[in-house]
Amino acid sequence: MYNAHLEHVSSIIQKAWRSRQAYMQLKRDIRYQKQRDMQVKCVLMIQSLYRRKQALKIADERRSELEQVARRSVAATLIQSYVRRQKAKIRVKGIRDGRMEKMHWA
């Protein structure tokens, strides 16, 4: 009877020990999972910041290219208007000179 009691007590102690071990393992797993989740969040944040920096750099490059194209377009428009104005002046001068000659010969 005393042996049965000891076996029963020892089985209860073993179950409690195994339960405690399982609980501690679960806590370690949860802690490990939290650390892993935090590491993943950190990695994602770093990747996000890096990609943002790259996107801003690309956007700045494209913006400067567009500004250059706009400046070239404005410059081309100014040159074109200058050339047309000069041609118009020459044409108008020719017309005026022609009318002046007609007036002198008339």
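Residue numbers (the numbering used here): 1384 to 1489. Every residue, glycine too, gets a C-beta built ideally from N, C-alpha and C. Source: prediction; values computed, not measured.
Item: Three-state secondary structure (DSSP) of Met1384; Value: coil
Item: Cα-Cα separation, Glu1450 to Ser1456; Value: 10 Å
Item: Length of the line joining the Cα atoms of Arg1414 and Met1384; Value: 45 Å
Item: C-alpha gap between Ser1447 and Ser1464, whole angstroms; Value: 25 Å
Item: For Ser1431 and Val1423, the rounded distance between their alpha carbons; Value: 12 Å
Item: Length of the line joining the Cα atoms of Val1452 and Lys1417; Value: 52 Å
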